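Numbering (the numbering used here), first residue to last: 5 to 454.
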């Protein structure tokens, strides 16, 4: 999500913009220094300075700077720094869609490809994993090689699992707010995008689908139901979509699963907290039971707070800690897959918190961990989002599939398209409907203590 804080703040009555910006800049400086401070002396000096200015404090456990509560609430409060009135629309913009209940996968793909303004999508291949390797934080993956011939030659069984993770790009935000400088306006229209989204989802025959920025859940639910999926949706408490004319309701996270393979044991949701302050980010958790074996699997998806900077990086890490505690309370020792748009590159604290500090024993599916690498983070794809906005080209890795390395084994991952395949104007485009690329991973399910 891309927001101009300065412009939105001007709409918020009673806010002293100059004072707010000064406090925000000071909080950013303190956060950056707290992240860099490695010695006890440096941390004591920073704590003294914070106390002297009567501005926030350093957390004794993590050493991170915690901004004043008033500023913290403003940063993480529900909404988008705006006092504009909400436009509370319902999810009703896809009433024209009426597909047959039992349309086949091939028929649905053909239907998608026949839509006007739809261009052929980039064909991507799965890369098989082979040969054990180990990282410095205990991550066990197999070096990736041997590209498969097809994208959808997956045969589901009770002992394997295909997960698709994707930020599909909110229609309201993408069309009205995100400032994609090189994307034609027509390519951002919902009628142009919606069947490209379906084509991407159906192409890879996933067992479980984890999505973010969903603001057309009813459409997805209707179409995916024809393929045997059912799902759930959790909206952001104060979605920025509410403040955009013509919205289709709030955006949020969704999980779909194949009903012939799984039965739902339970579902839980959470509004993520930052130092006990509720944020506008959510998590959706499902415990699914494999019908044939009785094996239970925990699947969770989330979408953490956006924007760069040391302060926001710290806030994301706190959201991640809250997320991991939530997951741990409900998943126990069963196999876990944690998917999402974490809005954090591998160098940020949240990545290490998940892959090395958590007692859940999680690893990143896309980190191949060859013997020449120093860490899992260095083996992530070079990008999971690649777009051009007014301020320039943005190409980085912020989406992940994390998994229980002791009970699940990576068998293959879907490769990212090359820059040449994506095209010079990047995404979204007539050939790809989102500014994020889908991630798909095949797992082998091992034994676990449930």
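Don't be surprised by glycine CBs; every beta carbon is placed ideally from N, CA and C.
Values in this document were obtained by computation on a predicted structure and should not be read as measured data.
Sequence-distant residues of its chain with Cβ nearer than 6 Å to residue i (five each side left out)
i	result
residue 376	At residue 376 the pLDDT is 45, less than 50, meaning the model places this residue with poor confidence and gives no usable figure here.
residue 194	175
residue 447	165, 412
residue 347	308, 310, 402
residue 263	232, 234
residue 302	291, 335, 338, 340
residue 420	385, 441
residue 204	442
residue 179	192
residue 154	Its pLDDT being 45, under 50, residue 154 is placed unreliably by the model, and nothing is read from it.
residue 260	213, 228, 233, 235
residue 439	173, 389, 391, 431, 432
residue 99	none
residue 454	Because the pLDDT of residue 454 is 47, which lies under 50, any placement of that residue in the model is unreliable, and the question is left without a value.
residue 371	380, 383, 384
residue 342	304, 406
residue 169	214, 343, 405, 443
residue 437	197, 200, 201
residue 97	252
Min CB distance residue i to chain B below 7 Å
i	result
residue 242	The question asks about chain B, but that chain is absent: this structure has only one protein chain.
Limits of the alpha helix (DSSP H) - the one that residue i falls within
i	result
residue 97	Looking at the DSSP string, residue 97 is not in any alpha helix (DSSP H), and its letter there is neither H nor E.
residue 3	Not covered by the structure: residue 3. The range shown for the chain is 5 to 454.
residue 127	From DSSP, residue 127 is part of no alpha helix (DSSP H); its letter is neither H nor E.
residue 47	44-57
residue 25	21-40
residue 185	Segment: none, residue 185 is in no alpha helix (DSSP H) and carries neither H nor E.
residue 354	353-356
residue 431	Here residue 431 belongs to no alpha helix (DSSP H), and DSSP marks it neither H nor E.
residue 116	109-117
residue 177	175-180
residue 75	73-80
For residue i, the first and last residue of its enclosing beta strand (DSSP E)
i	result
residue 262	256-262
residue 408	403-408
residue 337	No beta strand (DSSP E) holds residue 337; DSSP gives it neither H nor E.
residue 400	396-400
residue 391	389-393
residue 417	412-418
residue 167	164-171
residue 446	443-449
residue 368	366-368
CB-CB length for residue i against residue j, believed under 8 Å
i	j	result
residue 501	residue 336	The chain is shown only over 5 to 454; residue 501 falls outside these bounds and no answer can be derived.
residue 238	residue 80	Residue 238 to residue 80, Cβ: 18 Å. No contact.
residue 304	residue 292	Contact flag wrong, Cβ pair sits at about 11 Å.
residue 434	residue 123	4 Å
residue 369	residue 331	Going by Cβ atoms, the distance from residue 369 to residue 331 rounds to 16 Å, so no, they are not a contact pair.
residue 306	residue 327	6 Å
residue 461	residue 162	What is shown of the chain runs 5 to 454, which leaves residue 461 out entirely.
residue 216	residue 344	6 Å
residue 199	residue 90	Incorrect: roughly 30 Å between the Cβ atoms, too far for contact.
residue 30	residue 59	6 Å
Cβ-based neighbour list, residue i, same chain, cut-off 7 Å, excluding 5 preceding and 5 following
i	result
residue 265	160, 211, 294, 295
residue 400	349, 387, 389
residue 93	251, 252, 253
residue 272	289, 334
residue 351	381
residue 279	70, 76, 322
residue 355	348, 381
residue 450	411, 412, 413
Cβ-based neighbour list, residue i, same chain, cut-off 8 Å, excluding 5 preceding and 5 following
i	result
residue 109	206, 209, 231
residue 318	35, 38, 39, 68, 69, 353
residue 245	174, 176, 177, 219, 251, 252, 253, 254, 255
residue 103	112, 115, 226, 227, 230
residue 61	51, 54, 55, 69, 70
residue 425	126
residue 398	389, 390, 391, 392
residue 267	292, 293, 295
Contact test: residue i Cβ vs the ligand PLP heavy atom, cutoff 6 Å
i	result
residue 415	With respect to the ligand PLP, the structure offers nothing, as it holds no ligand at all.
- Contiguous beta strand (DSSP E) assignments of at least 3 residues, all confined to the stretch 267-334: 281-294, 300-307
- Counting pairs of beta carbons, one from the stretch 32-46 and one from the stretch 314-323, are three or more of them closer than 8 Å? yes
- Does the stretch 429-445 come close enough to the stretch 173-189 that 3 or more CB-CB pairs lie under 8 Å? yes
- Query: With a cut-off of 8 Å, do at least 3 Cβ pairs link the stretch 320-334 to the stretch 267-283?
  - Reply: yes
- Where are the beta strand (DSSP E) runs, 3 residues long or more, that stay fully inside the stretch 198-253, in chain order? 212-218, 233-239
- Message: Closer than 8 Å is the cut-off here; do at least three beta carbon pairs connect the stretch 101-117 with the stretch 393-404?
- Response: no
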